[in-house]
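Here's the structure, in structure tokens; my notes come after.
Numbering (mature numbering (1 follows the signal peptide of the UniProt record, and there is no 0)), first residue to last: -33 to -1, 1 to 440.
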């Protein structure tokens, strides 16, 4: 009987252990490699309180919003809402024949602009996507036009024809024909305006072009907005060719008056044109979009009417009040119809509106009392899920099977920040002490089908050490 307790490790058992180890590793690898299905949940009336993120690394994947995921529109006799899948009708544009440019050379940027300014989406994404991309296209075209000469701008007559052709080509590729008025651009944007320097030779004599290109050939999207390098280089070059004295004191009116400010803006377009000549169209487009993002994320693009009803119903509340929350939700529902905004814009908009309420005498944090989130200040995709766009440049994407789509950076229940005073003059998203609202922890994210990236690889390594220990002992 004692022999039954004898332990031995013959060679055959070692092979079995090794085979078992290989099978376990293979099966585990297959398990973690399966794609995670993202399932969105409807937002309940009760807020899921977001705790401070744990020390473990959590990556929240962006949610791809596609108009094709919703059912057929039940009212075929009415016009389609802008969020429903729409497929543009492409046609051959009718051109003036007086713009001596081979547009096919910048076809990629033209296609991107047409998609970003697509007919059903242009007004919704105008401030964040369409207009910045259209502005970038005009800068690139201005530089591309002068490649065969030493001019950095177009003459007035040619500018009119080329601008007309640009809009016609964009419309033929599905863009909204109203984008000139939507984005406040016109043919004069292609000219030199009142800038005294419009040719390459004079420009390169007046500006340290090496310094300019070094600052703007590669723009860092994470640093440029708060610690700018390219923006001051462009401003310095514009001041130099405009004949104005460069000053780093932002409180000083370097323009000297409306006419000088116009001249400075015209000269900035000349600087953009020169940069476009020196960079590829894709590199220039990337740089210009980042610079535009820095600008648009500094202000709230939403229009807030005087919230008299909200102030009346919420002035003296200290606890959740049905009348207060009803008025607040009704007001915000009207704001939601305006446009898609970025996460940074939402912070500014929420703070601005909260300051209006505080100025009217609302002292309690009604955002918390009435479950108001950051995403509530942007358009609600399909009436169910709020969407905030990325603060970094993004584009509208067209697919032959799904139509137009865009990427939401944030759809979670992150509380809107309530201002500490009725003034927002001190608000800065670049200040080191500025802390954004806490992201949801993995517990509040567990129903969204998102995974913790940090758990994929340590587990096989841990299993490996267990198996090695079995071999050694």
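Where a beta carbon is used, it is the ideal one built from N, C-alpha and C, also for glycine. Keep in mind the model is a prediction, meaning the values are calculated, not measured.
When rounded, the separation of the alpha-carbon atoms in residue 343 and residue 71 is 42 Å.
Sorting 314, 300, 122 and 265 by C-alpha distance to the C-alpha of residue 154 places 122 at the top. Within its own chain, the residues whose Cβ lies closer than 7 Å to the Cβ of residue 63, once the five positions on either side in sequence are excluded, are 128, 131 and 132, listed in chain order. In the DSSP annotation of this structure, the continuous segment of the beta strand (DSSP E) that includes residue 374 starts and ends at 370 to 375.
Going by DSSP, residue 166 is part of no beta strand (DSSP E) at all; its letter is neither H nor E.
In the displayed model, residue 271 falls within coil according to three-state DSSP, outside both helix and strand.
Assignment of residue 364 by DSSP, reduced to helix, strand and coil, places it in the strand class. Proximity to residue 306 across 194, 370 and 95 peaks at 95, based on C-alpha coordinates. Taking residue 193 as the centre and dropping the five residues before and after it, the same chain places the C-beta of 397 closer than 6 Å to its C-beta, in chain order. For the options 144, 79 and 93, the alpha carbon positioned closest to that of residue 356 is the one of 93. In the assembly as shown, residue 326 is an exposed residue. Its beta-carbon has fewer than 16 other beta-carbons within 10 Å.
Distances from the alpha-carbon of residue 320 to those of 159, 272 and 360 put 272 closest. For residue 147, the enclosing alpha helix (DSSP H) starts and ends at 146 to 149. For residue 388, the number of other beta carbons within 10 angstroms of its own is below 16, and it is reported as exposed. Note that the C-beta distance between residue 152 and residue 114 is not below 8 Å. The criterion of a C-beta distance shorter than 8 Å is not satisfied by residue 235 and residue 254. Look at residue 85 here: in three-state DSSP terms it is strand. Per DSSP, residue 107 is one residue of the alpha helix (DSSP H) stretching across 98 to 112.
Boundaries of the alpha helix (DSSP H) around residue 301: 289 to 302. Inclusion of residue 252 and residue 103 in the CB contact set at 8 Å is warranted, their separation being smaller than that value.
Residue 285 sits in coil when the DSSP states are folded into three classes, being neither helix nor strand. For residue 126, the enclosing alpha helix (DSSP H) covers residues 123 to 139.
Across the structure, residue 354 and residue 381 are spaced so that their CA atoms are roughly 12 Å apart. Assignment of residue 78 by DSSP, reduced to helix, strand and coil, places it in the helix class. Going by DSSP, residue 335 is part of the alpha helix (DSSP H) stretching over 333 to 336.
In the DSSP assignment, residue 199 falls within the alpha helix (DSSP H) that extends over 197 to 209. Fewer than three Cβ pairs drawn from the stretch 179 to 198 and the stretch 154 to 169 lie within less than 8 Å of each other, which leaves the two stretches out of contact. Rounded to whole angstroms, residue 336 and residue 144 show a C-alpha spacing of 44 Å. Of the residues assessed, residue 91 falls on the buried side of the cut-off, its CB having 16 or more other CB atoms within 10 angstroms. Around the C-beta of residue 310, 16 or more other C-beta atoms lie within 10 Å, and the residue is accordingly described as buried. Residue nearest to residue 207 within the set 111, 231 and 112 is 231 (criterion: CA-CA distance). The beta-bridge partner set that DSSP reports for residue 64 is empty. Judged by DSSP in its simplified three-state form, residue 355 adopts strand. DSSP places residue 233 within a helical segment (H, G or I) once states are collapsed to three.
Distances from the alpha-carbon of residue 322 to those of 126, 300, 186 and 278 put 278 closest.
Per DSSP, reduced to three states, the secondary structure at residue 305 is coil, with no helix or strand assignment.
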